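Asks: Here the protein sequences line up with chains A and B, keeping their order.
In case it helps, full-length UniProt numbering puts the first sequence at residues 1 to 337.
In case it helps, full-length UniProt numbering puts the second sequence at residues 1 to 337.
All C-beta atoms, glycine included, are put in the ideal place defined by N, C-alpha and C.
Computed from a predicted structure; not experimentally measured.
2 protein chains.
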Amino acid sequence: MTTTRIARAFHLTARPTGFPTPDLFALTESPLPAPAPGQALVENLYLSVDPYHREEMDEGWELNAPLEGRAVGRVTASRDPGLAEGDLVLHRRGWRTHALVTAGTDGTRLLPSYEGVPLTAHLSILGGTGLTAYVALTRVLELRPGQDLFVSAAAGGVGTAVGRIARLLGAGRIVGSAGSAAKTARLTSELGFDAAFDYHDGPVGELLAKAAPDGIDAAVDNVGGDHLEGTIAAMREFGRIAWVGAIAQYHAAHRPPPAPRNLFDVVGKSLRLEGVLVRNHRDAQGELEDLLVPRLRTGRIAPDVTVVDGFERTVDGFLGMLRGENTGKMLIRTAGR
Amino acid sequence: MTTTRIARAFHLTARPTGFPTPDLFALTESPLPAPAPGQALVENLYLSVDPYHREEMDEGWELNAPLEGRAVGRVTASRDPGLAEGDLVLHRRGWRTHALVTAGTDGTRLLPSYEGVPLTAHLSILGGTGLTAYVALTRVLELRPGQDLFVSAAAGGVGTAVGRIARLLGAGRIVGSAGSAAKTARLTSELGFDAAFDYHDGPVGELLAKAAPDGIDAAVDNVGGDHLEGTIAAMREFGRIAWVGAIAQYHAAHRPPPAPRNLFDVVGKSLRLEGVLVRNHRDAQGELEDLLVPRLRTGRIAPDVTVVDGFERTVDGFLGMLRGENTGKMLIRTAGR
Numbered sequence: 001m002t003t004t005r006i007a008r009a010f011h012l013t014a015r016p017t018g019f020p021t022p023d024l025f026a027l028t029e030s031p032l033p034a035p036a037p038g039q040a041l042v043e044n045l046y047l048s049v050d051p052y053h054r055e056e057m058d059e060g061w062e063l064n065a066p067l068e069g070r071a072v073g074r075v076t077a078s079r080d081p082g083l084a085e086g087d088l089v090l091h092r093r094g095w096r097t098h099a100l101v102t103a104g105t106d107g108t109r110l111l112p113s114y115e116g117v118p119l120t121a122h123l124s125i126l127g128g129t130g131l132t133a134y135v136a137l138t139r140v141l142e143l144r145p146g147q148d149l150f151v152s153a154a155a156g157g158v159g160t161a162v163g164r165i166a167r168l169l170g171a172g173r174i175v176g177s178a179g180s181a182a183k184t185a186r187l188t189s190e191l192g193f194d195a196a197f198d199y200h201d202g203p204v205g206e207l208l209a210k211a212a213p214d215g216i217d218a219a220v221d222n223v224g225g226d227h228l229e230g231t232i233a234a235m236r237e238f239g240r241i242a243w244v245g246a247i248a249q250y251h252a253a254h255r256p257p258p259a260p261r262n263l264f265d266v267v268g269k270s271l272r273l274e275g276v277l278v279r280n281h282r283d284a285q286g287e288l289e290d291l292l293v294p295r296l297r298t299g300r301i302a303p304d305v306t307v308v309d310g311f312e313r314t315v316d317g318f319l320g321m322l323r324g325e326n327t328g329k330m331l332i333r334t335a336g337r
Numbered sequence: 001m002t003t004t005r006i007a008r009a010f011h012l013t014a015r016p017t018g019f020p021t022p023d024l025f026a027l028t029e030s031p032l033p034a035p036a037p038g039q040a041l042v043e044n045l046y047l048s049v050d051p052y053h054r055e056e057m058d059e060g061w062e063l064n065a066p067l068e069g070r071a072v073g074r075v076t077a078s079r080d081p082g083l084a085e086g087d088l089v090l091h092r093r094g095w096r097t098h099a100l101v102t103a104g105t106d107g108t109r110l111l112p113s114y115e116g117v118p119l120t121a122h123l124s125i126l127g128g129t130g131l132t133a134y135v136a137l138t139r140v141l142e143l144r145p146g147q148d149l150f151v152s153a154a155a156g157g158v159g160t161a162v163g164r165i166a167r168l169l170g171a172g173r174i175v176g177s178a179g180s181a182a183k184t185a186r187l188t189s190e191l192g193f194d195a196a197f198d199y200h201d202g203p204v205g206e207l208l209a210k211a212a213p214d215g216i217d218a219a220v221d222n223v224g225g226d227h228l229e230g231t232i233a234a235m236r237e238f239g240r241i242a243w244v245g246a247i248a249q250y251h252a253a254h255r256p257p258p259a260p261r262n263l264f265d266v267v268g269k270s271l272r273l274e275g276v277l278v279r280n281h282r283d284a285q286g287e288l289e290d291l292l293v294p295r296l297r298t299g300r301i302a303p304d305v306t307v308v309d310g311f312e313r314t315v316d317g318f319l320g321m322l323r324g325e326n327t328g329k330m331l332i333r334t335a336g337r
């Protein structure tokens, strides 16, 4: 199955200041490694590039070493009794064409054989973005049928998953924000949203008030800052906000997003604002799969992804994701497929 | 039982700009009214003066009319079949010596005959401040035994009730902030707190970090601004903050309190920030009484109150409360007792 004797990997060569540039990354080559006892060699098929990788550039990732990220690959040689040649695995040794893994350690797991489920689903709606969306909706918002929902950065990986899953949970009106007219058009025409606005078109508070004139019961906020402020303003009494991150902050090299000026309305409207980190909710993975796998198999839903083709374009895909060029989850398809 | 033929009442004569002054109030006199059919005449014994009355000065209270506030009084004449002479009632016609009330309307209710329970309890730990504390601890924080708690404005009406009730619920370490060394001394010597600090002694974040070096699991915040920021900083992962108001804001004539600069840590530490308005939780009154009345009867706990003597000093008591001169709930004892 192996198509090459060379393994390629991206390294980070320097820390960024501000928005990252391609020259901070280096594409390295090395001979294909051989698995030691207990290891399997995996040829990666899809790589995930994520907003949190921007943070990893600042302090998580080591310089001049292979980078870490989620990936799906196929076992091409195995000395791990838990993995056989041909097995599909989900693991964390992304940003490279080949990886040595061991089942059950460091996040490596054999993919369930869900016939009919696209591989890309495991890095999108069944992966971290889907689980984030599911946990935000079910555990934090405890969304009830008929409740009206706002989703910021709605065309992104988490946002599209929120839209899909909220619809399955019986949400009422679903409103999303995105960064271009093309994306807002796709939100309403393809992605199941009832209304959408481009946040460049004015103050978020005003745009949201127009898109949801009767207010909202719940929100999943990916952005913070003015989006959070507009969300608080649009909230009905007892509304809940699941705060899953602040994409804007990753771009700003750790300048905190401005706090909403109307934060005190959390008291006046008895609101709940709660932070969600998916790493604390891995136990919900089974529930998520129970909900989605039957629908993915029948094609009732499909993963919303933007796929960049070619391992050598990984950095392009990553930077494009940071610029918001994707609709749905941004993935890299390596040439090895 | 009536000790006078004259009814006295405070009116508001003008709206304040900034911190209110005594000249905005006028003490009026009128002949004692006679109850119409369905009404009872009550002679007030205790009046409640509250932070929210500062807001009422801006827009709730009518000018040149008797003001509204909680009071406990005794029926001196009744044409209401639900009330008999001598009955004790809780009602909303405070800020005056006598009031015409009707049982079951406009918040008027016959006080249960809890022998041994001080009358002041009904305007403090069994009243709105106690119910606020109870709901914040049980419904919002869902405080579990052993959890460490921070209470801002801890020496006030809500704060002292939080301390008492949290102890009954099995809280771990209870830390409070207050505005003077005398108050912090009382918090630890009399009011059941394990540690306390005077927020004038430095940045709240630093003072709290010193008083709770291992962090906190839960907080009831009355203040907002730098107190909320310090609270977020001290929170352990999954911590919860019940936000019950922003006393500072009432003083500042509607300038919102500064939002915490570390708000994004709500995501990073998976925190929950939730607003509490006691008016949405009146159904918890029975639970509160079940918890406290047996302990009030035996004297195991006593209402924490500061009582200003004399109806004519109502405005002094109110302004003193806004300046933080009380420990526990600020009440006025009318001369009529």
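Output, in chain order, the set of chain A residues within a Cβ distance shorter than 7 angstroms of residue 269/B.
Replies: Residue numbering aside, residue 269/B sits at position 269 when the second sequence is read from its first letter. Here the neighbours are 275.
Asks: Going by DSSP in three states, residue 221/B sits in which element: helix, strand or coil?
Replies: As a first step, residue 221/B must be located in the second sequence, where it is residue number 221. Three-state DSSP puts residue 221/B in a strand.
Asks: I'd like to know whether the C-beta of residue 7/A is nearer than 8 angstroms to at least one C-beta of chain B.
Replies: In the first sequence, the residue the question calls residue 7/A occupies position 7. Taking Cβ atoms only, chain B never reaches closer than 8 angstroms to residue 7/A, which makes this a no.
Asks: Output yes if chain A places a C-beta closer than 8 angstroms to the C-beta of residue 282/B; else output no.
Replies: As a first step, residue 282/B must be located in the second sequence, where it is residue number 282. It does not: the Cβ of residue 282/B has no partner Cβ on chain A nearer than 8 angstroms.
Asks: Identify whether residue 76/B lies in helix, strand or coil by the three-state DSSP scheme.
Replies: As a position in the second sequence, residue 76/B is number 76, starting the count at 1. Residue 76/B: strand per DSSP, three-state reduction.
Asks: Counting only beta-carbon atoms, is residue 260/A nearer than 8 angstroms to chain B?
Replies: Taking the first sequence and counting its residues from 1, one reaches residue 260/A at position 260. Cβ-Cβ to chain B under 8 angstroms: yes for residue 260/A.
Asks: Who does residue 338/B pair with in a DSSP beta bridge?
Replies: Missing from the structure shown is residue 338/B; chain B here goes from 1 to 337 and no further.
Asks: Could you have a look at residue 162/A and say whether DSSP puts it in helix, strand or coil?
Replies: Taking the first sequence and counting its residues from 1, the one referred to as residue 162/A is at position 162. Looking at residue 162/A - three-state DSSP - the assignment turns out to be helix.
Asks: Taking all protein chains shown into account, do 16 or more other C-beta atoms lie within 10 angstroms of the C-beta of residue 20/A, making it buried, or fewer, making it exposed?
Replies: To locate residue 20/A, count along the first sequence from 1; it is residue 20. Buried: at least 16 other Cβ atoms inside 10 Å.
Asks: Give me the chain B residues within the contact set of residue 272/A, using Cβ-Cβ distance strictly less than 7 angstroms, ordered along the chain.
Replies: Numbered from its first residue, the first sequence carries residue 272/A at position 272. 272 and 274, listed in chain order.
Asks: Counting Cβ pairs closer than 8 angstroms, one from the stretch 73-84 of chain B and one from the stretch 29-39 of chain B, do we hit at least three?
Replies: Cβ pair count under 8 angstroms is three or more, so yes.
Asks: To the nearest angstrom, report how far apart residue 341/B and residue 18/B are at their CA atoms.
Replies: Examination of residue 341/B is not possible in this model, given that chain B is present from 1 through 337 alone.
Asks: Using only alpha-carbon positions, find the residue among 232/A, 91/A, 261/A and 304/A that is nearest to residue 192/A.
Replies: Here the question's residue 192/A lines up with position 192 in the first sequence. It is 304/A whose Cα lies nearest to the Cα of residue 192/A.
Asks: In the structure shown, what three-state DSSP assignment does residue 55/B receive?
Replies: Residue numbering aside, residue 55/B sits at position 55 when the second sequence is read from its first letter. Here residue 55/B sits in helix by DSSP.
Asks: Report the option in 74/A, 136/A, 65/A and 239/A whose CA atom is closest to the CA atom of residue 147/A.
Replies: Translated into positions along the first sequence, residue 147/A becomes position 147. For residue 147/A, the nearest C-alpha among the options comes from 239/A.
Asks: Whose C-beta lies closer than 7 angstroms to the C-beta of residue 311/A among residues of the same chain, with five residues either side of it excluded?
Replies: The residue given as residue 311/A occupies position 311 in the first sequence. Result list for residue 311/A: 8, 97, 332, 334 and 335, in chain order.
Asks: Under 8 angstroms, Cβ to Cβ, is there at least one residue of chain B near residue 95/A?
Replies: Residue mapping note: residue 95/A aligns to position 95 of the first sequence, counting from 1. Chain B, which has no Cβ nearer than 8 angstroms to the Cβ of residue 95/A, makes this no.
Asks: By the 9 angstroms beta-carbon criterion, what residues does the stretch 31-61 of chain B contribute toward chain A?
Replies: Listed in sequence order: no entries.
Asks: Considering only residues of the same chain and omitting the five flanking positions on each side of residue 10/B, which have a CB-CB separation below 8 angstroms?
Replies: Numbered from 1 along the second sequence, position 10 holds the residue referred to as residue 10/B. 25, 26, 27, 28, 66, 67, 95, 96, 314 and 315, listed in sequence order.
Asks: Quick one: what does DSSP say residue 353/B is sitting in, helix, strand or coil?
Replies: Any answer about residue 353/B is impossible in this case: the structure gives chain B only from 1 up to 337.
Asks: CA-CA distance, residue 284/B and residue 125/B?
Replies: Counting from 1 along the second sequence, the entry for residue 284/B is found at position 284. Counting from 1 along the second sequence, the entry for residue 125/B is found at position 125. Distance between the alpha carbons of residue 284/B and residue 125/B: 13 angstroms.
Asks: Just to check my reading of the structure: residue 229/B and residue 202/B have Cβ atoms closer than 8 angstroms, yes? What is that Cβ distance to the nearest angstrom?
Replies: Residue numbering aside, residue 229/B sits at position 229 when the second sequence is read from its first letter. Residue numbering aside, residue 202/B sits at position 202 when the second sequence is read from its first letter. Not a contact, Cβ separation roughly 13 angstroms.
Asks: Whether or not the stretch 129-146 of chain A and the stretch 166-174 of chain A are in contact is what I'm after, with contact meaning three or more pairs of Cβ atoms, one per stretch, closer than 8 angstroms; do they touch?
Replies: Cβ pair count under 8 angstroms is three or more, so yes.
Asks: Using the rule of at least 16 other Cβ atoms within 10 Å of the residue's Cβ for burial, across every protein chain shown, is residue 64/B buried or exposed?
Replies: Stepping through the second sequence from its first residue, residue 64/B is reached at position 64. Classification for residue 64/B: exposed.
Asks: Hey, out of 130/A, 76/A and 186/A, whose CA is closest to residue 220/A's CA?
Replies: Reading the first sequence from its first residue, position 220 is the one you call residue 220/A. Residue 130/A is the option with its Cα nearest to residue 220/A.
Asks: What residue range does the alpha helix (DSSP H) around residue 318/B cover?
Replies: Position 318 of the second sequence holds residue 318/B. Unbroken alpha helix (DSSP H) run through residue 318/B: 314-322.
Asks: Residues in its own chain within less than 8 angstroms of residue 89/B by CB, not counting five upstream and five downstream?
Replies: Indexing the second sequence from 1 puts residue 89/B at position 89. For residue 89/B, where only same-chain residues beyond five positions count, the Cβ hits under 8 angstroms are 40, 42, 72, 73, 74, 75, 83, 101, 103, 108, 109, 110 and 111.
Asks: In three-state DSSP terms, what is residue 49/A?
Replies: Taking the first sequence and counting its residues from 1, one reaches residue 49/A at position 49. It is coil, neither helix nor strand.
Asks: If you follow the beta strand (DSSP E) that residue 297/A is part of, which residue opens it and which one closes it?
Replies: Counting from 1 along the first sequence, the entry for residue 297/A is found at position 297. Premise fails: residue 297/A lies in the alpha helix (DSSP H), 285-297, not in any beta strand (DSSP E).
Asks: With C-beta atoms as the reference, is residue 262/A less than 8 angstroms away from residue 233/A?
Replies: Taking the first sequence and counting its residues from 1, the one referred to as residue 262/A is at position 262. Taking the first sequence and counting its residues from 1, the one referred to as residue 233/A is at position 233. Cβ atoms of residue 262/A and residue 233/A: closer than 8 angstroms.
Asks: Just verifying my parser: in three-state terms, what is the DSSP assignment at residue 176/B?
Replies: In the second sequence, counting from the first residue as 1, residue 176/B sits at position 176. Note: residue 176/B maps to strand in three-state DSSP.
Asks: Sort out for me which residues DSSP pairs residue 66/A with in a bridge.
Replies: Taking the first residue of the first sequence as 1, we reach residue 66/A at position 66. Partner(s): 11/A.
Asks: Identify, in the order they occur along the chain, each residue of the same chain with its Cβ nearer than 6 angstroms to the Cβ of residue 6/B, setting aside the five sequence neighbours on each side.
Replies: Counted from its first residue, the second sequence places residue 6/B at position 6. Once the five neighbours on either side are set aside, the close Cβ partners of residue 6/B are 29.
Asks: Identify which residue in 31/A, 140/A and 46/A has its Cα closest to the Cα of residue 280/A.
Replies: Stepping through the first sequence from its first residue, residue 280/A is reached at position 280. When only C-alpha atoms are compared, the closest one is 140/A.
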